[in-house]
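Enquirer: Chains as they are written, first to last, in my numbering: chain A, 1 to 271; chain D, 1 to 271; chain Y, 1 to 271; chain W, 1 to 271. Before I ask anything, here is the structure I am working with.
Number of protein chains: 4
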Amino acid sequence: MSHKIGHREKLRIIIFEADTPMGKFFDEAVIFVIVFSVFAVMLESVADIKDQFGEALFWLEWFFTIVFTLEYIIRIYCINKPFRYIFSFFGIVDLLAILPTYLSLILSGTHILVVVRILRVLRIFRILKLTKYIAEAQTLSTALVASQRKITIFLTSILVLVVILGSTMYVIEGAENGFTSIPHSMYWAVVTLTTVGYGDVSPQTNLGKALASVVMILGYGIIAVPTGIVSAEIAKSQQNINTSTRICPDCNEDGHDRDSQFCRHCGTELD
Amino acid sequence: MSHKIGHREKLRIIIFEADTPMGKFFDEAVIFVIVFSVFAVMLESVADIKDQFGEALFWLEWFFTIVFTLEYIIRIYCINKPFRYIFSFFGIVDLLAILPTYLSLILSGTHILVVVRILRVLRIFRILKLTKYIAEAQTLSTALVASQRKITIFLTSILVLVVILGSTMYVIEGAENGFTSIPHSMYWAVVTLTTVGYGDVSPQTNLGKALASVVMILGYGIIAVPTGIVSAEIAKSQQNINTSTRICPDCNEDGHDRDSQFCRHCGTELD
Amino acid sequence: MSHKIGHREKLRIIIFEADTPMGKFFDEAVIFVIVFSVFAVMLESVADIKDQFGEALFWLEWFFTIVFTLEYIIRIYCINKPFRYIFSFFGIVDLLAILPTYLSLILSGTHILVVVRILRVLRIFRILKLTKYIAEAQTLSTALVASQRKITIFLTSILVLVVILGSTMYVIEGAENGFTSIPHSMYWAVVTLTTVGYGDVSPQTNLGKALASVVMILGYGIIAVPTGIVSAEIAKSQQNINTSTRICPDCNEDGHDRDSQFCRHCGTELD
Amino acid sequence: MSHKIGHREKLRIIIFEADTPMGKFFDEAVIFVIVFSVFAVMLESVADIKDQFGEALFWLEWFFTIVFTLEYIIRIYCINKPFRYIFSFFGIVDLLAILPTYLSLILSGTHILVVVRILRVLRIFRILKLTKYIAEAQTLSTALVASQRKITIFLTSILVLVVILGSTMYVIEGAENGFTSIPHSMYWAVVTLTTVGYGDVSPQTNLGKALASVVMILGYGIIAVPTGIVSAEIAKSQQNINTSTRICPDCNEDGHDRDSQFCRHCGTELD
Numbered sequence: 001m002s003h004k005i006g007h008r009e010k011l012r013i014i015i016f017e018a019d020t021p022m023g024k025f026f027d028e029a030v031i032f033v034i035v036f037s038v039f040a041v042m043l044e045s046v047a048d049i050k051d052q053f054g055e056a057l058f059w060l061e062w063f064f065t066i067v068f069t070l071e072y073i074i075r076i077y078c079i080n081k082p083f084r085y086i087f088s089f090f091g092i093v094d095l096l097a098i099l100p101t102y103l104s105l106i107l108s109g110t111h112i113l114v115v116v117r118i119l120r121v122l123r124i125f126r127i128l129k130l131t132k133y134i135a136e137a138q139t140l141s142t143a144l145v146a147s148q149r150k151i152t153i154f155l156t157s158i159l160v161l162v163v164i165l166g167s168t169m170y171v172i173e174g175a176e177n178g179f180t181s182i183p184h185s186m187y188w189a190v191v192t193l194t195t196v197g198y199g200d201v202s203p204q205t206n207l208g209k210a211l212a213s214v215v216m217i218l219g220y221g222i223i224a225v226p227t228g229i230v231s232a233e234i235a236k237s238q239q240n241i242n243t244s245t246r247i248c249p250d251c252n253e254d255g256h257d258r259d260s261q262f263c264r265h266c267g268t269e270l271d
Numbered sequence: 001m002s003h004k005i006g007h008r009e010k011l012r013i014i015i016f017e018a019d020t021p022m023g024k025f026f027d028e029a030v031i032f033v034i035v036f037s038v039f040a041v042m043l044e045s046v047a048d049i050k051d052q053f054g055e056a057l058f059w060l061e062w063f064f065t066i067v068f069t070l071e072y073i074i075r076i077y078c079i080n081k082p083f084r085y086i087f088s089f090f091g092i093v094d095l096l097a098i099l100p101t102y103l104s105l106i107l108s109g110t111h112i113l114v115v116v117r118i119l120r121v122l123r124i125f126r127i128l129k130l131t132k133y134i135a136e137a138q139t140l141s142t143a144l145v146a147s148q149r150k151i152t153i154f155l156t157s158i159l160v161l162v163v164i165l166g167s168t169m170y171v172i173e174g175a176e177n178g179f180t181s182i183p184h185s186m187y188w189a190v191v192t193l194t195t196v197g198y199g200d201v202s203p204q205t206n207l208g209k210a211l212a213s214v215v216m217i218l219g220y221g222i223i224a225v226p227t228g229i230v231s232a233e234i235a236k237s238q239q240n241i242n243t244s245t246r247i248c249p250d251c252n253e254d255g256h257d258r259d260s261q262f263c264r265h266c267g268t269e270l271d
Numbered sequence: 001m002s003h004k005i006g007h008r009e010k011l012r013i014i015i016f017e018a019d020t021p022m023g024k025f026f027d028e029a030v031i032f033v034i035v036f037s038v039f040a041v042m043l044e045s046v047a048d049i050k051d052q053f054g055e056a057l058f059w060l061e062w063f064f065t066i067v068f069t070l071e072y073i074i075r076i077y078c079i080n081k082p083f084r085y086i087f088s089f090f091g092i093v094d095l096l097a098i099l100p101t102y103l104s105l106i107l108s109g110t111h112i113l114v115v116v117r118i119l120r121v122l123r124i125f126r127i128l129k130l131t132k133y134i135a136e137a138q139t140l141s142t143a144l145v146a147s148q149r150k151i152t153i154f155l156t157s158i159l160v161l162v163v164i165l166g167s168t169m170y171v172i173e174g175a176e177n178g179f180t181s182i183p184h185s186m187y188w189a190v191v192t193l194t195t196v197g198y199g200d201v202s203p204q205t206n207l208g209k210a211l212a213s214v215v216m217i218l219g220y221g222i223i224a225v226p227t228g229i230v231s232a233e234i235a236k237s238q239q240n241i242n243t244s245t246r247i248c249p250d251c252n253e254d255g256h257d258r259d260s261q262f263c264r265h266c267g268t269e270l271d
Numbered sequence: 001m002s003h004k005i006g007h008r009e010k011l012r013i014i015i016f017e018a019d020t021p022m023g024k025f026f027d028e029a030v031i032f033v034i035v036f037s038v039f040a041v042m043l044e045s046v047a048d049i050k051d052q053f054g055e056a057l058f059w060l061e062w063f064f065t066i067v068f069t070l071e072y073i074i075r076i077y078c079i080n081k082p083f084r085y086i087f088s089f090f091g092i093v094d095l096l097a098i099l100p101t102y103l104s105l106i107l108s109g110t111h112i113l114v115v116v117r118i119l120r121v122l123r124i125f126r127i128l129k130l131t132k133y134i135a136e137a138q139t140l141s142t143a144l145v146a147s148q149r150k151i152t153i154f155l156t157s158i159l160v161l162v163v164i165l166g167s168t169m170y171v172i173e174g175a176e177n178g179f180t181s182i183p184h185s186m187y188w189a190v191v192t193l194t195t196v197g198y199g200d201v202s203p204q205t206n207l208g209k210a211l212a213s214v215v216m217i218l219g220y221g222i223i224a225v226p227t228g229i230v231s232a233e234i235a236k237s238q239q240n241i242n243t244s245t246r247i248c249p250d251c252n253e254d255g256h257d258r259d260s261q262f263c264r265h266c267g268t269e270l271d
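Written as structure tokens, this is what we have:
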């Protein structure tokens, strides 16, 4: 409300929002640095490249870490409720983006830190939150949240099916055909039901092949269920957009159908 | 109707219903025990774990069996029509959950009993029946039941296709390329049509590869059909839930939203 | 209209229709014989079974052939326009069901006749045409016919994509990595785009793997298109059922929406 | 508007349009030549065929090149704005269809030119643009364009998921099980998430198999999202086509079917 905006406030608008030209430029720069730094982590994992460019990648990693550290400090400095930021999802992701490099000074660089370092790719979603994509992202996530319970039931049924199919195949095929244990047979059941089909475990007996065929056709049909759930939800959430935006002049009720002539809540005639 | 509820009735409400705190606690405990006991059966099938913890798993299995037996007896004791329960789907599943362990005393533990024992995982659905998920589960099963006939036609067509494709590939490729018999070629056709694609049998001749390509694109298109069927049904069953069947007492307009209080056509108050 | 129905007419009703008890029984008997005879052809192709039961299967095949021949002759005898039946789709399928066995008397039993013999499985659809499934089958085929053009465009696009991807991978990977020719690389492209993924040909170079990843994600997205087309058509063809069955009293126009109050063609008030 | 059409204009109508019988014949001839010439390029890549029919294919290629060159020159001659055509998408495709053969006179025939030559298959879409399929193609592309943003978000999420899953599996499985680097593990993640499943890289450790199972079920569920997006869009774009935007001049009712002649609400004649 105050027209005088302090230095800190200006910084906050650039860093946390995306409506000003400076804010947009900052976001684009951050995306560029994130993508570039994730590529560097990837390349470091390729033996040939590490042998040749290992040192360059090492210094590049430190450069990115320092840039991200500065950004992290500025974010804490300019936000009003720093602790809320620090313990938010993106606050933790921002911290995890810089921590591994510092830790590698103390600990001898363990392998697992690679995964932590690569989590910085999640920071991309923060930018997404600020842009024109937000409405679309909301439609999608609304649809997914609305389908949550149906999907829970669906997943529970899939898991129960996988347990039963896995143990049946374990008994039919047995260890000599690669179905060495129930958990391993369940792995086969998932590979087959989802139509991935690596072929590292596959039925050898006739009975096993017959059951596997049934499982595949089942899996083929089952995929219709989540698709149907999500399709219906997306269609519905879009339909809500098709609902008229008129508001009752008397009671402010919204959500009227386009062909409604009277308020569905208080009966006042609509425009 | 009577305010005095007997001991048996109280027990029945705890065990068969889920509205009271005790009932909810009982359900959660049962789910916990089921999941734990299914895990035990799985682990027993892993050779390494059985060698090391075989005895512990043996006693654990007896512990679960006794718990489930007690539950089974109490269920029979407190229900009004015990025979109806015993011969119901869940009654049989409950019995199958305990029978194998007792049978293993008489018979030397055969392999097949593992599958029977693991069927106790189906008991999870009983709990599902009692909870807030019931409306969602009904929407799903209504949609599936409504699609039943369409899916029957679809499956019949798939089977006919599999028979024809299987025998054609058997003639084209022959036993020397792994298509040893029509049933085995049908197994290949299912693996390919459902896009699983293990790769344990795959066409070797040029003609076979050309036909296989057509089959794959067919399979790719065919998956659209069950998905379309289920999507349309779910969308319809949701629409029915969202629209009330009330009719305006004045102008007979229907299609009102469930939370509408006044007719959208003439403004008359709805019941 | 005439109450006196001749012997031939009675036979026709039993054989070609399914409304009388005798007609239903006949259809069920035919389905049973078809399924049984298809099973016999399948089993004959299994080397072990042919060695053991070869003679029994030989006589069984002759038994089925004579039964189908009798049925074919009766069909021609009792129908009004026999030539129209003989050259219809099902007339040809009926003939193909019996021809191979007779041909095997003259020719030494060639391999290809197996496929012709198994085509008798198509006769199942004739029965389907007569039953309660007909409405559902029509909804499905209406939806598929309505999507025909969209599916043609879709398939053309897929084929063009397969040609371009196949030749690109042929150049990138080359014969030494299994991509021996453009047609063979196109086979790989189909296997990958449709998410079948046998693994008999798979990219070995880094560039090839990168392109393959793009192809897979493309294929994953592309499957949405036919599914979307068919879903939308099924939903629409079901909606048409939701259209009111009222007919304008004045001009006989049908297809009015359920909430229409006046004929959309001539303006007459509807009931 | 002028009734006298010059020679050039007549040619233009035949070549660039498809409403006249000559125009249709020209289009069909062009499609025939394109398909035939693409087949020739494919066959040339098969070693056996090149050995036997190499020379014939060489002269065939020159024949097609000269035909396409003539067509290209006539197109430039008869169109009003030749430069606009030359630098349009189809102009460039037309040029690329003839360039490689001429280049092979100067350069020793490099491998990569094969891909350029096969791009002529894209010319098929030009014909598609002119036919009755155009309305259907527009419905499809409208739906895809409308889903563009949602699909961008979806693809970004998939890529982030692939990066995280790939590096996690790289740490869990390591180079000794085929997960030699993060990019290679990402290739595995794409192969698995899209349910292609070649099986050239597959998890060997128990932890890896467990994570892979989760990834597969995820991928299985994720496919529901693009399908849902596209289904909803196609359904919407079809609805828009089926409903006219006319409003009743008397009562302002909208939502009339395209073939309605009278208002469905008050019976007034529509325009």
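Just so you know, even glycine gets a beta-carbon here, dropped at the ideal spot from N, CA and C. Just so you know, these numbers come straight off a predicted model, no measurement behind them.
Should residue 242 of chain A go down as buried or exposed, given a rule of 16 or more other Cβ atoms within 10 Å for buried?
Expert: With a pLDDT of 46 at residue 242 of chain A, under the threshold of 50, the modelled position of that residue is not reliable, and the figure given next carries that caveat. It counts as exposed.
Enquirer: Looking at residue 187 of chain Y: is its Cβ nearer than 7 Å to the Cβ of residue 104 of chain D?
Expert: Contact: no.
Enquirer: So, at 7 Å on beta carbons, what are the nonlocal neighbours of residue 1 of chain D in its own chain, with the 5 sequence-adjacent residues on each side left out?
Expert: Confidence at residue 1 of chain D is low in this model, with a pLDDT of 43, below 50, so its placement is unreliable and the value that follows should be read with caution. Closer than 7 Å at Cβ, skipping near neighbours: no residue.
Enquirer: Look at the alpha carbon of residue 41 of chain A and the alpha carbon of residue 118 of chain A, and state the distance between them as a whole number of angstroms.
Expert: Computed Cα separation, rounded: 7 Å.
Enquirer: I need the DSSP call for residue 269 of chain D, collapsed to helix, strand or coil.
Expert: Looking at residue 269 of chain D - three-state DSSP - the assignment turns out to be strand.
Enquirer: If you count every other CB in all the chains shown that lies within 10 Å of the CB of residue 27 of chain Y, and 16 or more means buried, which is it?
Expert: By the 10 Å Cβ count, residue 27 of chain Y comes out buried.
Enquirer: Determine the extent of the alpha helix (DSSP H) in which residue 55 of chain Y is found, giving its start and end residues.
Expert: Counting along the chain, the alpha helix (DSSP H) containing residue 55 of chain Y begins and ends at 47 to 78.
Enquirer: Regarding residue 214 of chain A and the ligand FAD, is the C-beta to nearest heavy atom distance less than 6 Å?
Expert: Absence of the ligand FAD is noted for the structure shown, with no ligands found whatsoever.
Enquirer: Name the two residues that bound the continuous alpha helix (DSSP H) containing residue 81 of chain D.
Expert: Premise fails: residue 81 of chain D is in no alpha helix (DSSP H) and is neither H nor E.
Enquirer: Any beta carbon of chain Y sitting closer than 7 Å to that of residue 187 of chain D?
Expert: It does not: the Cβ of residue 187 of chain D has no partner Cβ on chain Y nearer than 7 Å.
Enquirer: Along the stretch 193 to 212 of chain W, what residues have a CB closer than 7 Å to any CB found in chain Y?
Expert: Within the stretch 193 to 212 of chain W, the residues whose Cβ lies closer than 7 Å to some Cβ of chain Y are 194, 195, 196, 197, 198, 199 and 200, listed in chain order.
Enquirer: Following the continuous alpha helix (DSSP H) through residue 178 of chain A, name the residue where it begins and the one where it ends.
Expert: Careful: residue 178 of chain A lies outside any alpha helix (DSSP H) and carries neither H nor E.
Enquirer: By DSSP, does residue 262 of chain A sit in helix, in strand, or in coil?
Expert: Strand, per DSSP.
Enquirer: Under 9 Å between beta-carbons, which chain D residues line up against residue 231 of chain W? List them in chain order, please.
Expert: Near residue 231 of chain W (Cβ distances below 9 Å), the residues of chain D are 227, 228 and 231.
Enquirer: Whose CA, out of W/148, W/120, W/50 and W/7, lies closest to the CA of residue 36 of chain W?
Expert: Of W/148, W/120, W/50 and W/7, the residue nearest in Cα terms is W/120.
Enquirer: Under 7 Å between the Cβ atoms of residue 230 of chain Y and residue 215 of chain D?
Expert: Going by C-beta atoms, residue 230 of chain Y is not nearer than 7 Å to residue 215 of chain D.
Enquirer: What residues in its chain sit with their C-beta under 6 Å from that of residue 170 of chain Y, if we drop five residues either side in the sequence?
Expert: Excluding sequence neighbours, residue 170 of chain Y sits near 179, 182 and 185.
Enquirer: Express the C-alpha separation of residue 167 of chain Y and residue 17 of chain A in angstroms, rounding to a whole number.
Expert: Near 47 Å, if we compare the C-alpha coordinates of residue 167 of chain Y and residue 17 of chain A.
Enquirer: CB residue 208 of chain W to CB residue 164 of chain W, shorter than 7 Å?
Expert: No. Outside cutoff.
Enquirer: Please name the residue, chosen from A/95, A/112, A/135 and A/147, that lies closest to residue 122 of chain A on a Cα-to-Cα basis.
Expert: It is A/95 whose Cα lies nearest to the Cα of residue 122 of chain A.
Enquirer: Does chain W have any CB closer than 7 Å to the CB of residue 28 of chain A?
Expert: Chain W contact via Cβ: absent.
Enquirer: Taking the CB atoms as reference points, tell me whether residue 227 of chain Y and residue 195 of chain D lie closer together than 7 Å.
Expert: No. Outside cutoff.
Enquirer: Quick one: residues in its chain with C-beta nearer than 6 Å to the C-beta of residue 97 of chain A, no 5 flanking neighbours on either side, listed in chain order?
Expert: Contacts found: 68 and 120.
Enquirer: Less than 7 Å between CB atoms is the rule here; does residue 10 of chain Y satisfy it with respect to chain W?
Expert: Chain W, which has no Cβ nearer than 7 Å to the Cβ of residue 10 of chain Y, makes this no.
Enquirer: In chain A, what lies closer than 7 Å to residue 96 of chain D by C-beta?
Expert: Going along chain A, no residue has its Cβ under 7 Å from residue 96 of chain D, so there is no contact; the nearest lies around 12 Å.
Enquirer: Rounded to a whole number of angstroms, what is the C-alpha to C-alpha distance between residue 31 of chain A and residue 233 of chain W?
Expert: Distance between the alpha carbons of residue 31 of chain A and residue 233 of chain W is about 30 Å.
Enquirer: Indicate whether residue 153 of chain A and residue 136 of chain D have their beta-carbon atoms separated by less than 7 Å.
Expert: Contact flag set, yes.
Enquirer: Along the chain, where does the alpha helix (DSSP H) containing residue 21 of chain Y start, and where does it finish?
Expert: 21 to 44 is the extent of the alpha helix (DSSP H) around residue 21 of chain Y.
Enquirer: Can the beta-carbon of residue 197 of chain D be found less than 7 Å from the beta-carbon of residue 197 of chain A?
Expert: Contact flag set, yes.
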